[in-house]
Every structure is written in C-alpha cells, then in structure tokens.
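Trainee:
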Amino acid sequence: MSRSRWRLVVPAVATAAGLLFGISASTSKGTDLRSGQTDLVGLINDGNAKVARQQREVQGLRKQVQDLTAKDAPGTSADQLTKQASAIAPTAGLSPVSGEAMRITLSDSTRDVSSLPEGGTADWLVVHQQDVQGVVNALWQGGASAMMLMDQRVISTSAVRCVGNTLILQGRVYSPPFTITAIGDPGALRKALDASPAVRNYRAYVDIAGLGYKAEQLDASFPAYSGSLTLRYAKPAS
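With our numbering, you'll find the sequence shown wraps up at 238, consecutive numbering, no jumps.
1. Between residue 185 and residue 143, which are expected to be in contact by the criterion C-beta below 8 Å, what is the C-beta distance as a whole number of angstroms?
2. If the criterion is Cβ atoms closer than 8 Å, does the pair residue 209 and residue 125 meet it?
3. Report the partner residues of residue 105 according to the DSSP bridge assignment.
4. May I ask you to verify whether the stretch 152 to 165 touches the stretch 189 to 204, counting CB pairs closer than 8 Å and requiring at least 3?
5. Let's see if you can read the secondary structure: which residues bound the alpha helix (DSSP H) around residue 136?
6. Is the distance from the Cβ of residue 180 to the Cβ of residue 222 below 8 Å?
7. What number of angstroms, rounded off, separates the C-alpha of residue 95 from the C-alpha of residue 150?
8. Roughly how many angstroms lie between the CA atoms of residue 206 and residue 102, to the nearest whole one?
9. Check this for me: beta carbons of residue 189 and residue 178, under 8 Å apart or not?
10. With distances taken between CB atoms, is the gap from residue 108 to residue 165 smaller than 8 Å?
11. Using C-beta distances below 6 Å, list every residue in its chain close to residue 146, excluding the 5 sequence neighbours before and after it, in chain order.
12. For residue 219, which beta-bridge partners are listed by DSSP?
13. Measuring alpha carbon to alpha carbon, tell me which of 169, 163, 162 and 141 ends up nearest residue 154.
14. In whole angstroms, give me the CA-to-CA distance for residue 132 and residue 106.
15. Among residues of its own chain, excluding the 5 on either side of residue 215, which ones have a beta-carbon nearer than 6 Å to its beta-carbon?
16. Would the beta-carbon of residue 121 fall within 8 Å of that of residue 127?
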C-alpha cells in the first residue's frame, strides 16, 4: 500500500524480550508515504539494542534453569525464577491484563478526490500501514504495558501489514476503521501521541483530507495471546 510523498519460565521470558519494539521492527520495511513522515530507522535501531540486552538476560535465566534442573535444585530457587517469569508474562502477552487504557481509531475519509487541495490523490483518503504503525510506535514509546490491534493481543512476533485499504494481522484481514488499544498511563500515552511526528502528520490530513482520528480513555481487559509462539524465518533461495 502506498501514498505518494509518504513477539514454564524460559518461553515467557524469551517472548518478553522482543515485545517492546517488535511491532516497529516487523513493520519497518514500509515506504515513506507522506511528506513529513518521521524516519523510523533510529527508533527501530534503539529498539533492537534494547532487545539485544534483554536477550542476554534471557540467556542468563535459561542457564540458571538448566543448572537447577541438572542439580535437582531446591524448590526455593526454582520458585524465584517462576515468580520472575510470572511478572513478565503479562507484558509478554501470555496472561490476561486489565487497566486504564487509550484507544485510537483511524478511519478512511468519506470525501471525494475532487474536494482535495491541488495535488491531492485518492491515496490521501485512506488509512495506510505507516499510519497504524505510527500510532503503535507512539503508544509503546508512551509506556504502554500491553496492546491490542483490532480484536487481537499483540506480542513480539505480531506484524502489521496493509494491502489496499485492508489490514492483515496474524493471518486475519480487517477493514477500516482500525483500532489500537493500549493499557498504560492515559496521560503519558496521550502525551506520546501528541509528540509523535508520525501521528501529527496523520492528524494534519484529518483536516486536509477528512481522515478519521478518535482518541478515547477507557478501562480495558485484554485476553492472553492465544496464537502460535513459533518463530518462522525466511530462507534465501538456493
């Protein structure tokens, strides 16, 4: 989709490691589709560095688990690791969570192309991948502890893709309006949205082209992630 000028102890810990910026990394191959769209490369690189640090922590915890298993260790040490994993599980998406939240709804414009300013095209009238991605990134930046896109819980391996004006998420296809709901401090989340160049750029087109943008505060309850945790990698053609 384009517009001219614009992811039991170790499993829980391992899943948590990539969550914070997993969405950003998995969707970062899109094209800059609107003039003024923020460059996400720096944000993604920062996220990758954080993931690398967390992966080293995961490796240390994995070794502790292996050592405890090999030595038939006392239950207290194993219990401590289990508690650590349980604390991480909500952020990893492996357990239900509830709390104050912000919900952002993005919708296509109902205007006709002929009503747009000079140079405007039909691409200005629809929500694109970069728009959903921009909101997701801003909410993580604002300290979101859990997130859902549409009716699906997001984990580190979740990827947002758009084809035409439809969104593809974890094998399911959605039509607009698109909703992104994040649990966290509503004030901090709203501040992060207001500070995001990507979101500001989108909101400019709310006035120019009639795109829809709705932000609301609510109490939300998210289910545990129920999809596959298996990672699949692309392989080079021989």
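Just so you know, even glycine gets a beta-carbon here, dropped at the ideal spot from N, CA and C.
Mentor: In this structure, then:
1. 6 Å
2. yes
3. Beta-bridge pairing links residue 105 to 179 and 214.
4. no
5. 129 to 141
6. no
7. 18 Å
8. 19 Å
9. no
10. yes
11. 97, 183 and 222
12. Looking at the DSSP assignment, residue 219 forms a beta bridge with 100.
13. Looking at the Cα atoms, 169 is the closest of the given residues.
14. 8 Å
15. 104
16. no
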